[in-house]
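A.B. asks:
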Amino acid sequence: MASAKPLGMGGSYRDGPAVLMFAIALPLLWWTSESGRTTFAPELFVFFHSAVEMAAVVISMMIFLTGYRAVLSARRSAVVLLGVAFLGVGLLDFLHILSYRGMPDALSFNDPQKSMFFWIAARLLGASALLAYALLPSAGMVGPIQKRLGLTLMLGLVGAIACVGLLQPHRISPLFVDGRGLTTLKIGLEWFVAALNAATVVALLWRRTALADELVRDLVFACALLAISAIFFTELGVIDTDSANAIGHVYKVVAYLYLFNATCGEALRRPVQRLAVQALRESTILSAAPDAVLWVDQQGIILMANAAVVPVTGFSPDDLIGSNISMLMPEHLRGRHENAFQSYFLMPRVRAMGLFDLKLMRRNGTLVPVDISLGHYRDGESEYAIAYIRDLTERMAYEESLRHQATHDELTGLPNRWLFHFQLEQAIARAARSGQSVVVMFLDLDHFKAVNDSLGHPAGDELLAQVGVRIRQVLRETDVLARLGGDEFALCLSDLTDPQEALHVATNILARFHSAFRLAGQDVYSGVSLGVAFYPGDAADCDTLLRYADMAMYQAKRAGRGTYACYSTEMDAQAHQEMLIHTRLQDAMKSDTLELHYQPQVNVKTGATVGVEALLRWHDEVLGQVAPECFIAVAEATGLILPLSAWVLTTACAQIAEWARAGTPMRVSVNFSAQQFRLGDLAAQVQAALARANAQPHLLCVEITESVAMDHPALASTQLSHLRALGCSISLDDFGTGHSSLAYLKQLPITELKIDRSFMVGIPHDTHDIAIARAIITLAHSLGMTLVAEGVETSEQLSFLKEHGCQHYQGWLFAPAMPAAALAAGVAWGHTEAQPASLLSEVRF
């Protein structure tokens, strides 16, 4: 029979409890008759009654939530009706609990009349809702407004019943009389509830073809058990705490559990299963599609995805299904995408590929360019969007390759003449709006033809490629370097506020050509000549600027090659000044007119001189007193820094030996340049200089800046380790003004940190300088390093250093840098503690 399966014959394992309860229903009814009825202690029954009824209330609320939030159900209106009705059932059951005899009085005296009123109201509401659910057609949708209206009406109905039952329960016809038991009205109502539930069973069996077998089975069990429960409540005796009451409550709770399972099936499982069946039919076609396909509902929830989504998004179909499609959008675009997605459903239409491009966010956080086509699908009242997604990575890479070939030089990979003109015009337009400067440099290799003639054109091509790399290393990301053809390069520096920046770049480019190029297995030296022109000072358009820069480049070649020339009169004068400094510095080195001055480094607590820093000074008979920052920069740019640094090292070692022979040994700190560190035999050169002067290594402190340490950290680590092995101490100068990375403090064998003078200027008034100085002092202490503060000029600064534990300082508060003879005289005058033991005890190695 068709009804056999709904009644549990051959059903699933969960049908067993219902079958068992049906089997024992008649024996239990006989047992609870007049001859077999038993009663319970009132206190025990109140506890039992409260526990069972609270379970029923909880299950009713679960039925309400499940039905009210039903998704993708063709019978959503019926499910919502049932959910809203069981909200009322649960609330009435809760009022029944509160009104039960033995519970604290709820607004009025609790007695069986009051509690049974709420009881019978809940039973009638539940039975009526179940019958309506069984009879409603399979079609019908309910919108948000209808759902809220139904919820409001139900709460109003429960409120009205609550007012009657709580405030005037005895105006209702009696349902129970103490000493006599149930009234005829109460028994009749219970039989009516049983009849409604039985009618629901018949209706469900009659409509089983329109409903799933599993759903019918659970609903039949629920309604049948509710009917049996009602029959048990017709058997109550004189006292309402008897076995018929207890068994009836158990049947009711079990019936509610089956009803909840059926509601879940109708509201959740069945729609998903129906969707899965439909997806299974379409999966073969979708899996064969070359593009990723997503099926999305109006809320943006992904309902289906094919296998092709994996290479596009990095997510598997299982990862995507049930999630919002916005998870594939970059976070800053999600709001705009949500608005566009909702507007699509207002005027749905097919959108073909190629109309718009997007970037989706892959699982690993990277963005992938895609093209998207949209289709629209309607299922009853529900609407869906079907997105076909095509990965554009390969196509865009190919297009980018074509664009790059059209706008870049094939040999060097740099922009070509056309792209350079375009970018220069854009830079000029920006500068016209901002009021800043643009600099154009025209570069031409010196003696390039000789390289081609002697080594061949492949070597010449390799030289051009290496030149592009070297020049690019000294530029900013925003600067433009292009190869115009042959051995000619052009450079655009934009957004400049100071023209001096351009000269600094030009000097750095020239310095890059001092080292050899490795071509055809041999070292080859090649120079470059640069011409510089400025916007708006020299010209206001792209072509004129290039022509002026080209003219300036030829001027540089006429000046002897390997240099730069400026079209601007003012900049040209500056160039001549630097060339003059370069020439006079060479003469000064040959004539030995350079000097080393020494600035004392003093113990903060005792005032004892613990060492000195060697500082280079130059007074020229033509230029006068030349500031170190001027001639050192020229020396670094022109390659004179190496012989100049060698002279400083030799002179300092000789002074160390002289002071030691005089019985006043003094540690001397010597600044080393970045170019010295690029020499592979620096430790050997230092050892040779110490040996020639017969000076002790432990009295030589090697000072390096943060930039030296970070430009070539591996080389610096090797060089400093060798110097440390000689016995020299290592000081890190200008700490905090450069990279300030803790990594090199860990890796390099540094024994001393120097607080830059820029942080001492604001002490004790500048809170930022105070905070930075404290941090450096704390860091030095934690690493076990000696600390020297530079630029100390006031007693307040010295007090700050004493307070925070800085060991040493140098600055005009104690003494400026002075010649060695003046420093020795100062020791004799008692400004320092000249005893060798005292001096050496202050130095940490």
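The sequence shown: position 135 = 135 (this note's numbering), numbered continuously. Using N, Cα and C, we set each Cβ at its ideal position, and we do this for glycine too.
Cβ of A533 within 8 Å of Cβ of A540?
C.D. replies: As a working mapping, residue 533 is identified with position 533 in the sequence shown. As a working mapping, residue 540 is identified with position 540 in the sequence shown. No.
A.B. asks: Between the region 430-448 and the region 404-412, do three or more beta carbon pairs fall short of 8 Å?
C.D. replies: no
A.B. asks: Comparing alpha-carbon positions, which option in T563, L149 and L596 lies nearest H582?
C.D. replies: For the purposes of this step, residue 582 is taken as the residue at position 582 of the sequence shown. Nearest C-alpha to H582: T563.
A.B. asks: As an exercise, report each continuous beta strand (DSSP E) stretch of at least 3 residues that is fully enclosed by the region 484-556, in chain order.
C.D. replies: 488-496, 517-519, 522-524 and 527-535
A.B. asks: Between the region 399-407 and the region 467-474, are three or more C-beta pairs nearer than 8 Å?
C.D. replies: For the pair of segments examined, the region 399-407 was found not to touch the region 467-474: the number of CB pairs separated by less than 8 Å stays below three.
A.B. asks: Which value, in whole angstroms, describes the spacing of the CA atoms of I120 and S382?
C.D. replies: For this step, residue 120 is matched to residue 120 along the sequence shown. For this step, residue 382 is matched to residue 382 along the sequence shown. Approximately 39 Å between the Cα atoms of the pair.
A.B. asks: Taking C-beta to C-beta, are K802 and V604 nearer than 8 Å?
C.D. replies: By one-based count along the sequence shown, residue 802 stands at place 802. By one-based count along the sequence shown, residue 604 stands at place 604. It is a contact, given that the beta carbons lie within the stated cut-off.
A.B. asks: Tell whether a beta-carbon distance below 8 Å holds between L107 and L167.
C.D. replies: Here residue 107 refers to the residue found at position 107 of the sequence shown. Here residue 167 refers to the residue found at position 167 of the sequence shown. Their beta carbons are under 8 Å apart, which means L107 touches L167 by this criterion.
A.B. asks: From this set, A51, L92, Y100 and A132, which residue's C-alpha is nearest V80's C-alpha?
C.D. replies: Sequence index remark: in the sequence shown, residue 80 carries index 80 (1-based). When each option's Cα is compared against that of V80, the closest is A132.
A.B. asks: Among all the DSSP beta bridges, which residues are the ones paired with F735?
C.D. replies: Position 735 of the sequence shown, counted from the start, is the residue given in the question as residue 735. I755.
A.B. asks: When DSSP labels each residue in this structure, what does E53 get in the three-state scheme?
C.D. replies: What you label residue 53 is simply residue 53 of the sequence shown in a count that begins at 1. Helix, per DSSP.
A.B. asks: DSSP three-state call for W647: helix, strand or coil?
C.D. replies: Looking up residue 647 in the sequence shown gives position 647. Looking at W647 - three-state DSSP - the assignment turns out to be helix.
A.B. asks: Rounded to the nearest angstrom, how far is the Cβ of S721 from that of C701, given a contact under 8 Å?
C.D. replies: Counting from 1 along the sequence shown, the entry for residue 721 is found at position 721. Counting from 1 along the sequence shown, the entry for residue 701 is found at position 701. Not a contact, Cβ separation roughly 16 Å.
A.B. asks: Starting from N603, follow the beta strand (DSSP E) in both directions and report where the run begins and ends.
C.D. replies: Looking up residue 603 in the sequence shown gives position 603. Unbroken beta strand (DSSP E) run through N603: L594 to N603.
A.B. asks: On the criterion of 16 or more Cβ atoms from any shown chain inside 10 Å, does C728 qualify as buried, or is it exposed?
C.D. replies: Sequence index remark: in the sequence shown, residue 728 carries index 728 (1-based). Answer is buried; the Cβ neighbour count reaches 16.
A.B. asks: Alpha carbons only, please: which of L615, M551 and G460 is nearest the one belonging to G531?
C.D. replies: Here the question's residue 531 lines up with position 531 in the sequence shown. Checked all of L615, M551 and G460; the closest Cα to G531 is M551.
A.B. asks: Restricting to runs no shorter than 3 residues, where is the beta strand (DSSP E) found entirely within the region 625-688?
C.D. replies: Complete beta strand (DSSP E) runs here, min 3: 668-671.
A.B. asks: Tell me where the alpha helix (DSSP H) around V768 begins and ends.
C.D. replies: Taking the sequence shown and counting its residues from 1, the one referred to as residue 768 is at position 768. Checking the sequence shown, residue 768 turns out to be His, not Val. H768 -> alpha helix (DSSP H) spans T767 to L783.
A.B. asks: Buried or exposed, going by whether 16 or more other CB atoms sit within 10 Å of the CB of Y567?
C.D. replies: Residue 567 sits at position 567 when you count from the first residue of the sequence shown. The residue in question, Y567, is buried, as its Cβ has 16 or more Cβ neighbours within 10 Å.
A.B. asks: Taking DSSP's pairing of strands, which residues face G181 in a bridge?
C.D. replies: As a first step, residue 181 must be located in the sequence shown, where it is residue number 181. Its beta-bridge partners are V177.
A.B. asks: One question on the structure: do L464 and R417 come within less than 8 Å of each other, judged by their Cβ atoms?
C.D. replies: Numbered from its first residue, the sequence shown carries residue 464 at position 464. Numbered from its first residue, the sequence shown carries residue 417 at position 417. No. Outside cutoff.
A.B. asks: Would V440 and L424 be called neighbours here (beta carbons separated by less than 8 Å)?
C.D. replies: Start at 1 with the first residue of the sequence shown, and residue 440 comes out as number 440. Start at 1 with the first residue of the sequence shown, and residue 424 comes out as number 424. A distance below 8 Å separates the beta carbons of V440 and L424.
A.B. asks: Can you give me the C-alpha to C-alpha distance between L358 and P330, rounded to a whole angstrom?
C.D. replies: Here residue 358 is taken as the residue at index 358 of the sequence shown, counted from 1. Here residue 330 is taken as the residue at index 330 of the sequence shown, counted from 1. The alpha-carbon atoms of L358 and P330 are separated by roughly 10 Å.
A.B. asks: Could you please give me the residues that DSSP links to H376 through a beta bridge?
C.D. replies: Residue mapping note: residue 376 aligns to position 376 of the sequence shown, counting from 1. A385, per the DSSP bridge assignment.
A.B. asks: Roughly how many whole angstroms lie between the Cα atoms of Q655 and T751?
C.D. replies: Along the sequence shown, read from residue 1 onward, the residue named residue 655 stands at position 655. Along the sequence shown, read from residue 1 onward, the residue named residue 751 stands at position 751. One alpha carbon belongs to Q655, the other to T751, and they sit about 22 Å apart.
A.B. asks: Return the Cβ separation of L259 and A222 in integer angstroms, given the expectation that the two are a contact with Cβ distance under 8 Å.
C.D. replies: Within the sequence shown, residue 259 is the residue found at index 259, counting from 1. Within the sequence shown, residue 222 is the residue found at index 222, counting from 1. Going by Cβ atoms, the distance from L259 to A222 rounds to 4 Å, so yes, they are a contact pair.
A.B. asks: What did DSSP end up calling T366 once you bin it into helix, strand or coil?
C.D. replies: If you number the sequence shown from 1, residue 366 lands on position 366. For T366, the secondary structure class from DSSP, reduced to helix, strand or coil, is coil.
A.B. asks: Just to confirm my understanding: we take D291, look at its own chain, exclude 5 residues before and 5 after, and list those with CB closer than 7 Å. What are they?
C.D. replies: For the purposes of this step, residue 291 is taken as the residue at position 291 of the sequence shown. Hits under 7 Å: A308, Y388, I389 and R390.
A.B. asks: Quick one: using the 10 Å Cβ neighbour count with 16 as the cut-off for buried, is L676 buried or exposed?
C.D. replies: Position 676 of the sequence shown holds residue 676. Contrary to the premise, residue 676 reads as Gln rather than Leu in this sequence. Q676 should be labelled buried.
A.B. asks: What is the DSSP secondary structure of F341, counted as helix, strand or coil?
C.D. replies: Along the sequence shown, one-based indexing puts residue 341 at 341. In the structure shown, F341 adopts helical secondary structure according to DSSP, grouped into three states.
A.B. asks: Could you give the distance in angstroms between the alpha-carbon of F853 and the alpha-carbon of L225?
C.D. replies: Absent from the structure is residue 853, since the part of the chain shown begins at 1 and ends at 845.
A.B. asks: Applying the criterion that 16 or more other CB atoms from any shown protein chain within 10 Å of the CB defines a buried residue, is G67 buried or exposed?
C.D. replies: Counted from its first residue, the sequence shown places residue 67 at position 67. Burial call: buried.
A.B. asks: Roughly how many whole angstroms lie between the Cα atoms of M116 and F176?
C.D. replies: As a working note, residue 116 is residue 116 in the sequence shown. As a working note, residue 176 is residue 176 in the sequence shown. The alpha-carbon atoms of M116 and F176 are separated by roughly 8 Å.
A.B. asks: What residue range does the beta strand (DSSP E) around W618 cover?
C.D. replies: Numbered from 1 along the sequence shown, position 618 holds the residue referred to as residue 618. Start and end: T609 to D620.
A.B. asks: Output needed for L616: all residues of its chain with C-beta closer than 7 Å, excluding positions within five of it in sequence on either side, in chain order.
C.D. replies: In the sequence shown, counting from the first residue as 1, residue 616 sits at position 616. Take L616, set aside five residues on each side of it, and the residues of its chain with a beta-carbon closer than 7 Å to its own are L594, L596, P628 and V648, in chain order.
A.B. asks: Please go through the region 284-337 and give each complete alpha helix (DSSP H) segment of 4 or more residues, from N-terminal end onward.
C.D. replies: 309-313 and 317-320
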